[in-house]
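Written out below as structure tokens is the structure these notes cover.
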Amino acid sequence: MPSVHIGCVGGEGVSSPGTEFVLSLGALDQRVRERLRALDDAAFVRRLWERDATLWTSDPEQADQVRARLGWLALPDSAANEVAQVAALAGRVASEGYTDVVLLGIGGASLAPEVVRTTFGGGEGSLDLHVLDTICPDTVRAVERALDLAQTLFVVASESGTTAETVSLAAYFCDRVQRLEGRSCARRLVAVTTAGSPLAQKAEAESYRAVFVVPDDVGGRFAALSHLGLAAAGLAGIDVRELVRRGQRMAAACGAATAAAENEGVVLGAALAELALAGRDKVTLVCAPPLQAFGAWVEQLIAGSLGKDGKGILPVEGEPLGEPAVYGDDRAFLSIAIRGREPGYLRERLQKLEDAGHPVITLTLADAFDLGAEFVRWEIAVATAAAIIGVNPFDEPNVQESKENTRSVLRMYRRDGLLLREDESLNSSFYAGEARLTGALQELFAQARPGDFVALQAWLAQSPDTSRALEEVRLAIRDGLGLATTVGYGPRYLHSTGQYHKGGPNRGLFLQIVGEPKGDIVIPGEAYTFGTLLEAQSLGDLEALRAHGRRVVRISVGEEARGGLAHIRDAVQSALTALRGEAEDGQAASDKRAQS
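Reminder that position 64 of the sequence shown reads as 131 in my numbering, one-by-one numbering, no gaps.
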């Protein structure tokens with residue numbers, strides 16, 4: 068069972084057979100202790116488990132909406148039955164010769180399965196699990212090439228049953244299977260959705276292999292221990308039973324009778340909230356191997372739940388650790404590792420950051436199955452932080468804006484056969500004028516203020532080369548401006564950090580980087596391609612960002628993302644050099660005036 072270590076300042080803590088939880092918060096430690104006492108005075112923990120919506124809102128209508136989203140509190144206990152259903156089907160499909168399972172989903176439907184997949188891999192004789200959470204044509208084709216379609220099962224996962232990316236991907240692969248086999252694809256499809264959704268109705272009408280029902284009182288971000296998070300992994304032969312057991316233990320340890328200061332989820336939430344209220348609202352997530360994908364799940368949970376009403380906490384995921392000097396006083400650091408598997412350099416760098424006065428929180432898991440406990444801990448933590456900050460963590464009011472804008476672009480495309488393109492896009496190709504790109508970046512960076520962040524929104528095919536190139540760009544910006552940086556692939560980030568980008572504090576500088584697929588794919592039953600839908604989504608989000616007064620530059624890299632990103636990196640460095648020169652000239656002029 069996880070042990071609780073609260074307010075351990077200066078890296079002090081007690082080892083235990085379970086997780087180790089150490090907070091090194093410096094001067095903020097006392098504020099967290101006071102907050103925990105206030106939460107006890109308000110009976111917060113008891114009211115949380117009683118599903119008291121007034122913890123987050125005093126508006127009666129909104130309170131009804133909140134109560135309709137608190138079913139996640141029951142998932143650790145109810146998940147045991149759901150796991151048994153999945154295990155029964157897993158045994159059957161394995162005996163029938165299937166070799167692969169492909170999860171078609173995005174956001175809350177894909178991130179938890181991706182965490183489990185990358186952390187555990189596959190056991191001997193198990194099916195290989197693939198998670199496809201993009202409509203980028205190049206990536207869709209790459210996944211298809213890696214499969215033997217005749218031996219592949221597809222899990223179509225969408226809480227609402229209407230997610231555009233998921234519905235389009237399902238239509239494509241169903242069409243491919245039908246063309247291959249000359250018969251209905253329905254027996255190769257498993258639906259994961261809420262009862263009565265359009266996807267559930269389609270699955271029933273067409274006799275899908277199975278339908279796993281997600282409770283309709285659980286939002287996708289909080290659904291890691293539902294079928295949405297576990298079904299695909301279970302079908303691939305991963306032992307999700309033990310994940311659920313660990314989740315049950317954490318839920319019990321954080322139960323209604325547990326004081327706030329002894330409640331691991333509540334303590335983490337109180338710490339995150341107090342850090343944010345003190346100005347340290349950029350939480351840098353440092354996830355050691357093999358837990359790297361867990362950072363993306365946490366990123367979605369924090370950004371989507373807390374980034375609204377001009378408030379929020381920005382999760383900084385995937386940014387390599389640097390020297391203390393490159394970080395401002397808006398940063399906090401949170402490390403997650405498995406005991407005995409933490410890289411030595413990681414401990415050393417975190418200690419340097421702590422010595423420099425930065426708050427550092429460390430979570431050390433006993434083993435990989437403690438991820439089940441972490442899902443529960445973090446859900447409670449974010450619900451707690453939301454109550455303290457003063458936002459409703461169970462809605463996403465600004466996500467819909469980008470979706471509506473996308474629909475508008477597609478309606479124009481259906482009517483006119485043309486996709487409205489952004490006239491102000493900058494071309495990063497080697498044929499474009501470098502001065503124009505550098506000048507635009509210089510103008511954007513000149514607007515940077517302390518406490519801002521820079522978001523790279525990459526509407527590109529995800530690959531190791533592209534990710535390395537994006538990392539070079541983000542590090543040049545971080546080290547040059549001293550600002551937090553984030554990287555998100557479109558359209559996935561729309562379902563993750565997209566809510567924070569538009570609903571959180573107006574502190575972002577956005578680089579929207581778009582490309583062109585090397586080959587496109589028509590979506591069966593639609594008048595447009597995956598590439599068209601992808602560009603419509605990027606334009607829709609661009610419009611939403613601008614409507615909220617965000618500072619944004621859109622750059623096209625064409626088909627050659629790697630070369631285009633290298634050109635962007637060089638332009639970033641040139642822009643930063645020019646800004647430093649301007650600052651030095653201004654300082655020299657000021658000094659000269661002072662001497663005269």
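C-beta atoms are modelled at their ideal positions from N, C-alpha and C, and glycine is treated no differently. As the structure is a computational prediction, the values presented were derived from the model and not from experiment.
Assigned exposure category for residue i - 16 Cβ within 10 Å defines buried
i      : result
LYS375 : buried
PRO558 : buried
ALA262 : exposed
SER225 : buried
ARG478 : exposed
LYS585 : exposed
ARG636 : buried
GLU421 : buried
SER251 : exposed
THR186 : buried
THR229 : exposed
GLN514 : exposed
Close Cβ partners of residue i (< 6 Å) along its chain, the five nearest in sequence each way excluded
i      : result
VAL401 : The sequence as given places Leu at residue 401; Val does not occur at that position. The answer, listed in chain order, is VAL350, LEU352 and ILE428.
SER496 : Confidence at SER496 is low in this model, with a pLDDT of 44, below 50, so the placement of that residue is unreliable and no value is reported for it.
ALA528 : CYS203, ASP205 and THR206
GLU181 : VAL198 and ALA360
GLN604 : THR473 and PRO558
LEU335 : ALA448
N- and C-terminal bounds of the beta strand (DSSP E) containing residue i
i      : result
LEU171 : 167 to 171
VAL521 : 520 to 526
ARG398 : 398 to 405
GLU362 : Residue identity differs from the one stated: residue 362 is Gly in this sequence, not Glu. No beta strand (DSSP E) holds GLY362; the alpha helix (DSSP H) holding it covers 359 to 373.
HIS197 : 195 to 199
Spatial neighbours of residue i in its chain, beta-carbon cut-off 8 Å, leaving aside the 5 residues before and after
i      : result
THR552 : VAL383, GLU386, PHE520, VAL521, ALA522, LEU523, ARG541, LEU542, ILE544 and ARG545
ASP215 : THR166 and ASP167
PHE111 : LEU122, ALA327, VAL333, THR451 and ALA454
Sub-8 Å separation of residue i and residue j beta-carbons
i      : j      : result
LEU302 : LEU194 : yes
GLY314 : LEU292 : yes
ALA120 : VAL133 : yes
LEU693 : ALA525 : Residue numbering for the chain in the displayed model covers 68 to 663; residue 693 lies beyond these limits and cannot be assessed.
ASN459 : TRP123 : yes
ALA433 : GLY85  : yes
GLU149 : LEU310 : no
ARG398 : ARG347 : yes
GLY555 : SER563 : yes
SER227 : SER264 : yes
ALA209 : LEU247 : no
ARG288 : GLY379 : no
LEU196 : ALA277 : no
LEU373 : TRP445 : no
ASP284 : SER469 : no
VAL223 : VAL257 : yes
ARG481 : ALA594 : yes
GLY371 : GLN566 : yes
LEU486 : VAL476 : yes
Three-state secondary structure (DSSP) of residue i
i      : result
ASP483 : helix
ALA323 : coil
PHE461 : coil
CYS354 : strand
SER469 : helix
TYR595 : coil
PRO382 : strand
LYS349 : strand
LEU576 : strand
ASP490 : With a pLDDT of 48 at ASP490, under the threshold of 50, the modelled position of that residue is not reliable, and no figure is offered here.
ARG104 : helix
GLU626 : coil
LEU600 : helix
THR124 : coil
SER264 : coil
Proximity test, residue i beta-carbon vs the ligand NAD heavy atom, cut-off 7 Å
i      : result
PRO356 : Looking for the ligand NAD in the displayed structure turns up nothing, as the structure carries no ligands at all.
Contacts around residue i, its chain only, beta-carbon distance under 7 Å, and the 5 residues preceding and following it disregarded
i      : result
LEU612 : HIS568, LYS569, PHE577 and VAL619
GLY411 : none
CYS354 : PHE361, GLY362 and ILE403
GLY616 : ASN573
GLU341 : LEU95, ARG98, VAL99 and ARG102
ASP242 : PRO591
LEU339 : VAL350, ILE380, ALA448 and ALA452
ALA130 : ALA120, THR121 and THR124
Below-8 Å beta-carbon distance, residue i vs any chain D residue
i      : result
VAL183 : The structure shown has no chain D; it contains just one protein chain.
Extent of the continuous alpha helix (DSSP H) run through residue i
i      : result
GLY36  : Here the chain covers residues 68 to 663 and nothing more, so residue 36 does not appear.
THR233 : 231 to 248
VAL285 : Careful: VAL285 lies outside any alpha helix (DSSP H) and carries neither H nor E.
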